[in-house]
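Quick note, the sequences are listed as chains B and X, same order.
Position one of the first sequence corresponds to residue 56 (the working numbering), numbered consecutively onward.
Position one of the second sequence corresponds to residue 798 (the working numbering), numbered consecutively onward.
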Amino acid sequence: QQTKPLINSTLSGKVQDAHTGEAVAGATLTLEGTTHRATSDGNGRFNFVTGQKFPYTLIASYVGYKTVKLVVNSSDIVVQLEPDLNELEDVVVVGYGTQKKSTLTGAVATVDSKFLSNRPITNSTQALQGANGVYVNQNKGRPGAEGNTIRIRGVGTLNNNNPLVLVDGIEYPLSEVNPNDIESISVLKDAASAAIYGNRAANGVILVKTKTGQKGQFQVDYNIYVGSQRSTFKPDVVSNAIQYMEGKNRALTNEGKPAEYGTELLDEYRNGTDPFIYPNTNWFDVMYRNAPIQEHNLRLSGGGEKTTFSLSFGYLNQDGVLIATDAKKYTLNSNVQSDLNSWLKIGANLAGTFWNDRESAYTADEGNGEGGIMGLLYRGLPMQVPYAQDGSYADQWVRVPGHNFFRNPLALSYEGFRRNHRYRTLANVFAEVKLPLNLTYKITAAANIFFGREKYAYPQISLTNPKTGVVTPMGNIPARGVKQIATEGVNLTNFHTLNFTRQFGDHSVNALAGFSMERFDDSDFDAYNQGYLGNELNELDAGSTAPAVGGTSSQSRLQSYFGRINYSFRDKYIFEANVRYDGSSRFANGKRWGLFPSFSGAWRLNRENFLAEASWIDNLKLRASWGQLGNQNIPLYSYVNAISLGNNYSFNNNVVPGTAIIQLADPSISWEKTTMTNIGVDFDILQGKLAFQLDLFDKTTSEILRQVNVPAQVGNLTGPFRNIGKVSNKGIEVSLAYQDAIGDFRYRVGGNLAYLKNEVLDVKGNIYYDGVTIIRKGDPISAFYGLQSAGIFQNEAEIEQHAFQAANTRPGDIRYVDQNQDGIVDNNDRIVIGNSIPKYTYGFTLSGSYKNVDLDLFFQGVADVDTYANGNLAFPYRNGAGVTNEWLTDSWTPENPGARLPILTTSSGYPQNFLTSDFWIKDASYLRLKNIQLAYSLPGAWLERLHIRRFKVFVNAQNYLTFTDFKLGDPERNLTRANMIDYPNYKSITAGVNLTL
Amino acid sequence: CSSFLDVEPTDRYTDDNYWETEERVVASLNGVYASLLHNGLYGGTTPLYFENLSPNAYRYQGDYNLVAQGQHNANTALFYTVWQGAYQGIGRANNLLANIGKVEMDESRRKRYTAEAKFLRAVFYFPLWNLFGGAPLILDATNDATQSNLPRNTAEEIYTQLLRDLNEAIPDLPASYGANEKGRATSGAALAFKARILLYARQWEEAAKTAKEVIDANNYQLFPDYRGLFYLENEGNEEVIFDVQFKFPEFTHGFDINLDQYNNIGPLPNLVNDYYDREGKNIGQSNLYDPAKPYENRDPRLQATVIVKGSLFKGAVVTEGQYPRTGYGQKKYTVFKDDIPAATIPDGQSELNYILLRYADVLLMYAEAQNEAYGPDQSVYNALQQIRSRIGMPGLSTSLSQDELRREIRHERRIELAGEGLYYYDIRRWGIAQEVLNGDIYNDKGQRIDTRRFDPQRDNLWPIPAIAIQENPALAQNPGYGN
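Laid out in structure tokens, this is it:
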């Protein structure tokens, strides 16, 4: 018989939220002065064999709550935890480690999983929207291929401005991370925090940490939402066929050309009754739809004393707002960590994503001459119908010059396809060894493997003329055939770090040294075949004629040494230095290695004696940093003077190989260098109620790599990449948040604002033109460049008096300013007419909760930015395309001389009114309610009975409200893209449930 | 440790390791030929669209229409495309010529490759001389440091170089090639091209002499079937002196769809009415011409070149409105037969070779140059008669004055070569562009469809493209144009 210990009290009880009374699961309970601990279960209950005698002091703690100490006299107690508003003790992920928010010396913006919860985020890049100093622009919404641009502190370089993204330390595309698996995101904005990533850090670094299990509890989370999406924007297109035709006739008459549609046809159309022959089609109504979306996520997590794990599965099924487009995503993330013994810890993270998306073979991404299916949609005319009387695909019968073939976009959407299968796997293993002398060694090895299989099945389609019944094959589309493309990418990373942490009295020192090697191997292979007997079979082997193949591979490598020293005195004075020595295979031998140092310091004034009395101050910290970063992001082998293959020819129908130099190279190129100074203040008062942060930065990028134009007379060659110039980004970032409670009503308001001034300091006397934008000294990068308009000519006399514009200038035309007063309006009269980089980006959140109900709103906006819109529907009757209503009602006529628009003409037949000018520059500022969410959590008492920890229902609306003056499209667009034919953005309403067992 | 970072590209050669074998020299030469396919030269639909700049045809929109309307300026994209195409070919030819000496090979083949490259360089310099009136003359390997800021050379300097390249090429080029290399430059091609340049430069004696060399070499003759000359199955026939080679699916253009379905070259009544009747009389003086059946009893080349209402084409009767731009379509350079139904050929899937130089052109060059240099003689009539006999047209009266014969030669040239993109060059060098390119144009029903303007002070030359001046401000603009 075993002898019971003499003293052995058992303590049981429950931990709950002091405000809501909700059970708190996972709270840690310890006895003061002992190592005993217990954890509360899903119902907040705990049962603790203490081995101690009453009374004793119990310490209860949990993330997000203030730690309480209470003296316990008897068993079965209720522990009330007060929410802790103060986030200062939160841990922030930084390069190769973590730091406490309170002692950070650099500028780091963070996003936590709470902010992300329940937003219908289909792509993790959307998760960054709202992080201070980060500008995320979602410019198109095709499922599986959303276009998100991330800019951190402006546009620093003239080429690739994308930040470096690392998931658990490994380079990995942010869009491939399941948003539900994200624990936190850190955005390293200044040189001090980013320099440890050396020559890839100049555009900023984004660190993503994925979720891991918690010790001592097993938890099941299931999240689901379902909803509906629709496009954020539909052009105000003329869908009345008579108005369209009469308008076109008017436009041609104004140009001095004969009318296109005779009275006979117009009369026939007016009197026609068959809606298939005499339709008034709005193609946006035909092609856009309300599309369902649903997502499920299941996560199992937990752990024992030594091992924790997290296993999650995700499934997203999203239909596109354009017909016949959809995507499915399957994700898996498993994470295991174990303390094998007192000195060795190992872990592995295995993540996999499988995307399967579909769209028309006449893809929106690649053009196909008219910009793909979206381009065809923007050319849709009211006289065209999708289906003929018998339900077959319809042809057009009214012939439109410039639009001789009707490539029925509906038929092209449903017949054939482009399917994209993308598999991506991240395998990441590490071992951490505690060594003597406070040293920790960590080795990490990871493989990021991508495999893509893309298949195009180009259909052959028959169209029925609704008037004559004649059936003809659709003209001018790619021949029936199949194209398959296999893409493979392997990125292997191996890094070693040695960490030293030691406290010497008031001094604490943390040092890190590391070494890393990375290699990137990419290859692709494509094949094509024709000669199919129908649209049904779409294997390459099912075709018989015109086979074609292609393929290539490339490699690049990086080798780096890095280190950091962090010293702090009483957590009051903090200094940090980082250095990285980086070698890149993207440059020629001798130009490869670069040194990137940074230094930073912080002074926490609230720890000084003179502020000791000011207990209302939680934190007052001054930060300053200086450092240098690099950017190597240019195409591989840009330094090699290459002779390209594939410039072939045929003699008497025998193909012969041909070679040519098509691009110049500059072997002396090296990475660009960004030098950044940052000064910041963190000010938190009233026990975390009010938080204020201010950062001023001055970021100068020199030796900028830019593909320079070479005059065509030099063999019409593509210019080389060169280190050419200097760009400055200066800015201010402010954020302010206030939170408090009035009884049971808790609220938080927070906002951030960033101002950015971008200026090209030096491009060695050159000017770089790129379509409608310009890069030259003294202006912002890629400023819009064109003529300045000065109203509309009202009569011949005004034209006579004005500088010469064109031989047939007439009243109703735009008047351009003759800047150089040489009597002729030409390219020499162009000036900067707009700015394509937002000067202000801002966001704010409003949250409130009352008992079990939460309401959150998130707004995002940009201000002081322009866009230039041209192309179909931005300009009228372009090459047989349609026209928007404003051109028929608000264009200049002698009777309507005050009209907003110039005289109605076809834009392709009468170019002088459609030159690049400020007349067509539009203000692209907007304020958008990105997200609003209302949630209700079931009360704890009910849950206890059901043995459920959490049950929350929510509704969420995304992109539902937008304030803007931009009327031609969604303002959240690629601002330097001139035409309007991107896949539409969507707004969604979703509802869902979070369930935790 | 830097060996980890040593990575070489595996899909291209570099300047250092390329010039080693004859095989690679030939590939580089093929790359020069490939520049003929540039959109600014003979790719896409470009050579044929030049019709739309002439009184022969009408394009209802786009750059060709702007030029015809006199509304073009230095920003009109067409000009820059041509400029780019020309210099792309020149750069490639120069790179070959600069490096061919590094490679060991048989000397006679080295000479031939060099001569081919020089012929091609002349083809590429031609638009810079004729259309732009002078441009930077660059003969060395591409080098942005030394060539980026070069100003324009005069038209005369370019002209001198054109003749020098061709003169150097002619002796080293073979008269013909084996079946696998047919399409490469021959001595006949270089001679015929030289004759064209001399003709355009009004060097009548030299032009006549050079054209005669082609005739006397006896390597070419007229293909018996005028329409069949442009059929796919007759590519490279005995009349072809030099053609730009196309082959589906690798090297294609869009002639068929653009000519037929798009009607992007709308032949004008001005051309249609210029075809004689079967007896060789102007329709104004014709006994055979019936306004009710205007396309009957006409020079057979009319319906071999132009698709007219009521005729048979692609196995069906051409209906009213089928060719809405002017009422007419261009048949020449489509692959379709009159009596065989045919499906649409999508844009970029046509493969008929474009004939840059053919024997009939040489005969016409000879006739014109000989008549200008020496007045009417029997050799002129013989040359013309060969052309007229092929399509069964009667001979000319042999008692014409030099002026009268000039009119007939010009007429014959317009009709024989209609639809091939050459008339724009002819009306400019004849100095008649301002007469024939000013005023209203009409469709087949006599309705006005557009108004054209041609300013002889300005429009004989194209503007130097605005982008070219932007990139190299040392380039001076042509008179009358802004930048």
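Positions of the beta carbon are idealized from the N, C-alpha and C atoms, including for glycine.
Checklist entry - Who are the neighbours of B/T607 on chain X, taking C-beta pairs under 7 Å? => result D808
Checklist entry - What residues in its chain sit with their C-beta under 6 Å from that of B/A403, if we drop five residues either side in the sequence? => result V391, V484
Checklist entry - B/F624 bridges to which residues according to DSSP? => result B/H562, B/Y628
Checklist entry - DSSP beta-bridge partners for B/A406? => result B/N388, B/L481
Next on the checklist: Going by DSSP in three states, X/L934 sits in which element: helix, strand or coil?
Outcome noted: coil
Checklist entry - Going by C-alpha distance, which of B/A979, B/G560, B/V1010 is nearest B/A1033? => result B/A979
Next on the checklist: I need the straight-line Cα distance from B/E414 to B/R473, nearest angstrom please.
Outcome noted: 5 Å
Checklist entry - Do X/L1272 and X/R949 come within 8 Å of each other at the CB atom, strictly closer than that value? => result yes
Item to check | Same chain, Cβ closer than 7 Å to B/S844, five either side skipped, listed in chain order | outcome: I869, R870, Y871, S972, D973, F974
Checklist entry - Where does B/P330 fall in DSSP's three states? => result coil
Item to check | For B/F555: DSSP bridge partner residues | outcome: B/L494, B/A566
Item to check | Among B/G317, B/G268, B/D276, B/N337, nearest to B/G359 - alpha-carbon criterion | outcome: B/G268
Checklist entry - Given that X/P1064 touches chain B, what residues does it touch there, using C-beta distances under 7 Å? => result The premise fails here: X/P1064 is roughly 16 Å from chain B at the closest Cβ pair, so nothing lies under 7 Å.
Item to check | B/A679 versus B/D750 - alpha carbon distance | outcome: 9 Å
Checklist entry - DSSP beta-bridge partners for B/H458? => result B/V455
Next on the checklist: Taking contact to mean 3 or more Cβ pairs, one atom from each stretch, closer than 8 Å, check whether the region 219 to 234 of chain B and the region 652 to 670 of chain B are in contact.
Outcome noted: no
Checklist entry - Looking at chain X, which residues of the region 694 to 724 of chain B have a Cβ within less than 8 Å of any of its Cβ atoms? => result V695, N696, A697, I698, S699, L700, N702, N703, Y704, S705, F706, N707, N708, N709, V710, V711, P712, G713, T714, A715, I716, L719
Item to check | Top-ranked residue by Cα proximity to X/A912, from X/L894, X/L928, X/V900 | outcome: X/L894
Checklist entry - Should X/I1137 go down as buried or exposed, given a rule of 16 or more other Cβ atoms within 10 Å for buried? => result exposed
Next on the checklist: Suppose contacts are defined by Cβ-Cβ distances below 8 Å. Is B/Y802 in contact with B/I787 by that definition?
Outcome noted: no
Next on the checklist: Using C-beta distances below 8 Å, list every residue in its chain close to B/T362, excluding the 5 sequence neighbours before and after it, in chain order.
Outcome noted: V391, Q392, S393, D394
Checklist entry - Which residues in the same chain have their Cβ closer than 7 Å to the Cβ of B/I251, if we skip the five residues on either side of it in sequence? => result G150, Y151, F617, R619, N633, R635
Next on the checklist: Taking the beta carbon of B/G770 as the centre, do at least 16 other beta carbons fall within 10 Å, making it buried, or is it exposed?
Outcome noted: buried
Next on the checklist: Taking the alpha helix (DSSP H) that B/P464 belongs to, which residues open and close that run?
Outcome noted: 464 to 469
Item to check | Nearest-angstrom Cβ-Cβ length linking B/I332 and B/P521, presumed shorter than 8 Å | outcome: 5 Å
Next on the checklist: Which of the three DSSP states is assigned to B/S653 in this structure?
Outcome noted: strand
Next on the checklist: Within a Cβ cutoff of 6 Å, which residues of the same chain sit near B/E509, ignoring the five residues on either side of it in sequence?
Outcome noted: N475, I540
Checklist entry - Counting pairs of beta carbons, one from the region 1149 to 1161 of chain X and one from the region 1007 to 1021 of chain X, are three or more of them closer than 8 Å? => result yes
Checklist entry - How is X/S786 classed by DSSP in three states: helix, strand or coil? => result What the structure shows of chain X is the stretch from 798 to 1280, and residue 786 of chain X is not part of that stretch, so it cannot be assessed.
Checklist entry - Does X/S1147 have its Cβ less than 8 Å from a Cβ in chain B? => result no
Next on the checklist: In the DSSP assignment, the alpha helix (DSSP H) including X/E954 goes from what residue to what residue?
Outcome noted: 952 to 966
Checklist entry - Just how far apart, CA to CA, sit X/P1276 and X/Q1254? => result 8 Å
Checklist entry - Within this structure, are the beta carbons of B/A896 and B/Y324 separated by less than 8 Å? => result Before going further, note that residue 896 of chain B is Thr rather than Ala in the sequence given. For B/T896 and B/Y324, no; Cβs fall outside 8 Å.
Next on the checklist: According to DSSP, is X/G985 part of a helix, a strand, or is it coil?
Outcome noted: helix
Checklist entry - Given that X/K979 touches chain B, what residues does it touch there, using C-beta distances under 8 Å? => result F706, N707
Next on the checklist: For a test of the three-state rule: what should DSSP assign to X/F1020, helix, strand or coil?
Outcome noted: coil
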